[in-house]
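Have a look at the structure below, then the notes.
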Amino acid sequence: MKTISRLFIAVCVVLVALVCACQKQSNKTTNGDPRLTNPYCNDPAAVNYNWGFPGKPDNTICFYPNDLFVGRYVYSDSVLQSDFTHTYTRIDTLVITSSSHTALLLTGFCAPGDTLHLTAGLAFSATLDTTIGTGQPLCRPVDTVSGTLTRNLADTMPYVHVYFTVVADTGTTYHIGLAVKIK
Numbered sequence: 001m002k003t004i005s006r007l008f009i010a011v012c013v014v015l016v017a018l019v020c021a022c023q024k025q026s027n028k029t030t031n032g033d034p035r036l037t038n039p040y041c042n043d044p045a046a047v048n049y050n051w052g053f054p055g056k057p058d059n060t061i062c063f064y065p066n067d068l069f070v071g072r073y074v075y076s077d078s079v080l081q082s083d084f085t086h087t088y089t090r091i092d093t094l095v096i097t098s099s100s101h102t103a104l105l106l107t108g109f110c111a112p113g114d115t116l117h118l119t120a121g122l123a124f125s126a127t128l129d130t131t132i133g134t135g136q137p138l139c140r141p142v143d144t145v146s147g148t149l150t151r152n153l154a155d156t157m158p159y160v161h162v163y164f165t166v167v168a169d170t171g172t173t174y175h176i177g178l179a180v181k182i183k
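Sequential numbering of the sequence shown, starting at 1, is according to the working numbering.
Here it is in structure tokens:
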């Protein structure tokens, strides 16, 4: 009988120990290291995600792929033929607007009312959306365009570099230009 009561007491002690061990611990919240005051963006969708880490998370300093491109630009466009001979240079006003953190709309490349759709990425570039074979419809139904816009944050002026390829029934042309932000 003594053995059974000792076994019973041992089992009870083990059960009490397990119940106590399984109880949720209360975590004491700390304010972190007071030396880490540098704010950094903690949103993975932002271009500057974790820049300045370690520090203090502050999503008010985040900027997103669309923020790199939205605005009104004066665009100097060099048009090259397929053999890379320079055909002409034109100057236009481009307007880039945003409909989300990554979706952009570009107007001014063609006649008023024509809109090009782009998708901006985290690597400082925006790519024209491809809807038909080799590109997106452009200006005329038989023309398609493909290409990218790029930014370099090291530029002291807000420049956007334009690299477009236009395929038409009359041949292929390349549009290589620089757009300078005016608003």
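Ideal Cβ positions, reconstructed from N, Cα and C, are used throughout, including at glycine.
Sequence-distant Cβ neighbours of residue 172 in its own chain, meaning closer than 6 Å and more than five residues away, are 82. Only residues of its own chain outside the window of five on either side were considered, and among them 75, 76, 159, 160, 161 and 162 have a CB closer than 8 Å to the CB of residue 178, listed in chain order. Close CB contacts of residue 37 within its chain, under the 8 Å cut and outside five residues either way in sequence, are with 55 and 56 (chain order). Here residue 77 carries a strand assignment [DSSP, helix/strand/coil].
Residues of the same chain with a CB within less than 6 Å of the CB of residue 97, apart from the 5 flanking positions on each side, are 105 in chain order. Nearest C-alpha to residue 130 among 123, 85 and 145: 145. DSSP, read as helix, strand or coil, puts residue 63 in coil.
With fewer than 16 other Cβ atoms inside 10 Å of its own Cβ, residue 154 counts as exposed. Here DSSP, grouped into helix, strand and coil, assigns residue 153 to coil.
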